[in-house]
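FYI, in numbering that gives the first Met the number 0 the residues of the sequence shown are 0 to 489. Below is one structure; the comments refer to it alone.
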Amino acid sequence: MAKEITSRKENYSQWYNDIVNKAGLAENSSVRGCMVIKPYGYAIWEKMQSALDKMFKDTGHENAYFPLFIPKSFFSKEASHVEGFAKECAVVTHYRLKTSEDGKGVIVDEDAKLEEELIVRPTSEAIIWDTYRNWIQSYRDLPLLINQWANVVRWEMRTRLFLRTTEFLWQEGHTAHETREEALKEAELILNIYADFAEKWMAMPVLKGLKSPNERFAGAVETFCIEALMQDGKALQAGTSHFLGQNFARAFDVKYLTRENKLEYVWATSWGVSTRLVGALIMAHSDDNGLVLPPKLAPIQVVIVPIYKKEEQLEAISQKAHAIMEQLKGRNISVKFDDRDTYKPGFKFAEWEMKGVPVRLVIGPRDLENGTVEVARRDTLEKEVLKMENIDEKIEHLLERIQDNIFQKAFSFRDENTFSVDTWDEFKDKIEKGGFVWAHWDGTSETEQTIKDETKATIRLIPLQRDGDTGKCIYSGKPSEGRVVFAKAY
């Protein structure tokens, strides 16, 4: 199967597409720009969803659900928001079809035009803040900490499975607070949750920081973000948390009675991550043999493959395999026994390697005699023979080592591809080669846009704490308050 994958060096983009296809994660739909997430790919998303959902609930957030459709007039209430999303909106104009006059199909019924067009949600701030006006009356109703798991639509001309599709799945949190300080604290709390999830579950090191005004979410006062480095040297925005100030509260007239008996606008945040994280997982860790999954997000953490020639051998191996499975399940380790008789062991090895299963156990007649099992790691492709005694404990510790090793490998890659430059020529050289480039910027949108036009690099983030490393902008030579992170990005 690995022979069917284009190598990363030969064509990174095709390598990515090959893995998504061969590992059975997703495929293009007959609906242009949309994807079908296949069971194995959706199982990875479910693992992500489960972990994040617990993190949100552990910090006091609750789930709700809001409409898919948003009246067009709602988008006109927050000017920068509508400007940011106007070109990506899908619009519903009619509510009925009818049979065509020739009887060969259906057409839109021109008499069924909506009085007001509906926007298929690209994000839900508008509909949610219109709802919050009815939910919030006084400080006793705050903070309001709501999250929803949903799909959204942003009309894309150039799509890539998981990374950028017209419709995608995500979670979006929307919170309301009494004070500016509380809202900012919430935005940073979520930023840290996203960073912890990326590093501890996805085994993907990230940088935390603020977006520049040019890259900020439409309608936000500040956008916090996490950025990860993919194996081709491009950055990927893996999550954002927005401090919205009072912009949406003012736009939708959401006021509360303060403790001092005064009417004030509430302070807001919104935040989200999407199925783009599945794409990040692929690009951060996988190799030319297929998918590599950190154990915490692998739908199947251990697969057991029997080696046999006679049916009675399979029966004896099966008994031992099921005993091991019960031990592993007792430690909350997901395990599959692949006893399909329609495929040879070599095919099974290649298939599970392609799908990124972290650990493969192989049991044959000789293993039964010796009380051993062959253990293969997906991350290093190393094999060893272990005694079956306490195999569940051994595998649990091995999965922990694999999780850590995958993170350390990604961390080392990022470290080796992070550079600090002081001149424009140095900057252009490093950006062309790929990686995170720390450089001085004069703080103006004009310089930022010029750098983007000339190099295709964008400011990925401004550090949360500037280290006092003042200097001169690499492009304009004007004073700089500190270095920011540039990179080419997805």
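All residues carry an ideal CB built from backbone N, CA and C; glycine is no exception.
Proximity of the region 58-71 to the region 195-212 falls short of the contact definition, fewer than three beta-carbon pairs being nearer than 8 angstroms.
DSSP links C224 through a beta bridge to G208, T239. DSSP places P357 in no alpha helix (DSSP H); its state is neither H nor E. Taken in chain order, the complete alpha helix (DSSP H) segments of 4 or more residues contained in the region 390-420 are 390-415.
Residues of the same chain with a CB within less than 7 angstroms of the CB of Y474, apart from the 5 flanking positions on each side, are W423, T446, T449, I450 in chain order. Secondary structure of A315 (DSSP, three-state): helix.
In the three-state scheme derived from DSSP, where H, G and I count as helix and E and B as strand, L367 is classed as helix. Under the three-state reduction of DSSP, D340 is assigned to coil, being neither helix nor strand. Residue pairing of K254 in beta bridges, as defined by DSSP: Y264. Per the coordinates, the alpha-carbon of S479 lies some 5 angstroms from the alpha-carbon of G470.
If you look at N150, you'll find it in the beta strand (DSSP E) that goes 143-152.
Remark: C-beta atoms of K37 and E26 approach each other more closely than 8 angstroms. About 6 angstroms separates the Cβ atoms of M201 and L296, confirming a contact at the 8 angstroms cut-off. In the three-state DSSP reduction, I281 falls in the helix class (H, G or I). For A279 and R376, the gap between their C-alpha atoms comes out near 21 angstroms.
With contacts defined as CB atoms closer than 8 angstroms, G289 and E77 fail to qualify as a contacting pair. No residue range can be given for N288, since it is assigned to no beta strand (DSSP E) and is classified by DSSP as neither H nor E. In the DSSP assignment, L96 falls within the beta strand (DSSP E) that extends over 96-98.
In this structure, the alpha-carbon of M282 lies about 7 angstroms from that of Y15.
Separation of the CB atoms of A237 and E221 is rounded to 18 angstroms, and the pair is thereby denied contact status at 8 angstroms.
Take the alpha-carbon of W266 and the one of F84: they are about 22 angstroms apart. Annotated as distal: V291 and W351, with beta-carbon spacing of 8 angstroms or more.
Within the region 424-461, the complete alpha helix (DSSP H) runs of at least 4 residues fall at 444-454. When the alpha-carbon of F55 is set against those of E185, L96, A42, the nearest one is in E185. Restricting attention to D231, P204, D466, the CA atom closest to the CA of H439 is found in D466. Around the beta carbon of K103, fewer than 16 other beta carbons lie within 10 angstroms, which makes this residue exposed. In the DSSP assignment, E115 falls within the unbroken beta strand (DSSP E) covering 112-119. T274 sits away from F242, with the two beta carbons spaced by 8 angstroms or more. By the neighbour-count definition (other C-beta atoms within 10 Å, threshold 16), M203 is a buried residue. The C-beta of R31 has fewer than 16 other C-beta atoms within 10 Å across all chains shown, which makes the residue exposed. Around the beta-carbon of Q170, 16 or more other beta-carbon atoms lie within 10 Å, marking it buried.
Close CB contacts of H284 within its chain, under the 6 angstroms cut and outside five residues either way in sequence, are with V291, I405 (chain order). Our two residues, E115 and G59, have alpha carbons roughly 37 angstroms apart in a direct line. Under the three-state reduction of DSSP output, E187 falls in the helix class. Rounded to whole angstroms, the gap between the alpha carbons of I135 and Y255 is 6 angstroms. Taking 8 angstroms as the cut-off, the Cβ atoms of D391 and G329 count as close.
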